[in-house]
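Undergrad: In my numbering, the protein residues as written are 1488 to 1785.
Even glycine gets a Cβ: it sits at the ideal position worked out from N, Cα and C.
Quantities reported herein were computed from a predicted structural model and do not represent experimental measurements.
1. Cutting at 7 Å between CB atoms, please list the residues of its own chain near residue 1746, excluding the five before and the five after it.
2. As a quick exercise: from 1597, 1720, 1669, 1687, pick the residue whose alpha carbon is nearest that of residue 1640.
3. With H, G and I counted as helix, E and B as strand and the rest as coil, what does DSSP make of residue 1619?
4. Who are the Cβ neighbours of residue 1776 in its own chain at under 7 Å, not counting the five residues just before and after it?
5. Grab the span of the alpha helix (DSSP H) containing residue 1680 for me, first residue to last.
6. Could you name the residues that DSSP lists as bridge partners for residue 1718?
7. Is residue 1491 buried or exposed, if buried means 16 or more other CB atoms sit within 10 Å of its CB?
8. CB residue 1725 to CB residue 1750, shorter than 9 Å?
9. Under 7 Å Cβ to Cβ from residue 1722, same chain only, skipping five residues before and after it: list those, please.
10. Classify residue 1774 as helix, strand or coil using the three-state DSSP reduction.
11. Since I believe residue 1682 is in contact with residue 1709 (beta carbons under 8 Å), could you give me their beta-carbon distance rounded to a whole number of angstroms?
12. Thinking C-beta only, is residue 1527 closer than 9 Å to residue 1542?
13. Beta carbon of residue 1593, beta carbon of residue 1577: below 9 Å?
Rendered as structure tokens:
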């Protein structure tokens, strides 16, 4: 790659200084070129991909430093890379990194559960939404023994095999079961909020911080408080119930639950099946195919 090509592709941050290649770094899944005084210009990424013959590239800008990094993918998705047994073994060895999302152009992708707020998984039927939802749940049950799970399953089809699983506290099928579960979770949230606020002068703003403070203070009387995840399949079926209680409870959990280790993971066919007030609290979402002509497209 020529310096002249880079000068033509990037813009100078400081026009009085030249663009310079700082150094080159080889990695397991991608190689990196570090540029000083460089910022991407319009069309930079497309020009880089064309230059490398269609190989995937990405540009990362370093905060606080006048530097850009070009990552050039080395990943080849082959039969071995998709071996299910190897994936399961890999997930077990790397469970401390969070949920394994898959192998991307720049290597394995993980989701740090300590950064979890609430999550939406949406997509049209047949495009992998339900499989991905179950994939996250299966990993949680296999590798996250400190997480207690609750499942709201209006369809009553996909989760009967999990009844009695030690990490599944409840599977709610009927509307009265949803109400009972959500009422109990709202109460649990309020209990946790009270303990957080009364136990510490500076209350923690996340569950893992509470665990850390509890350990440091050696206060055995404080509750353990496991992380709780509410898995909601086909959220639109709850929305169709037109019940203020269910939606108000979910909005309350969405608004305050993250800080106390109570999280929603909601599956839906269309993006706006989940009410706006709940979506506003979801900082992570996974969208599979949705038709642009669909009423739920946004």
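TA: Inspection of the coordinates gives the following:
1. Cβ neighbours of residue 1746 beyond the five flanking positions: 1692, 1693.
2. 1720
3. Three-state result, residue 1619: helix.
4. 1610, 1611, 1614
5. Segment 1662–1686, the alpha helix (DSSP H) holding residue 1680.
6. Looking at the DSSP assignment, residue 1718 forms a beta bridge with 1638, 1752.
7. exposed
8. Remark: C-beta atoms of residue 1725 and residue 1750 do not approach each other more closely than 9 Å.
9. 1753, 1754, 1755, 1760, 1761
10. strand
11. 7 Å
12. no
13. no
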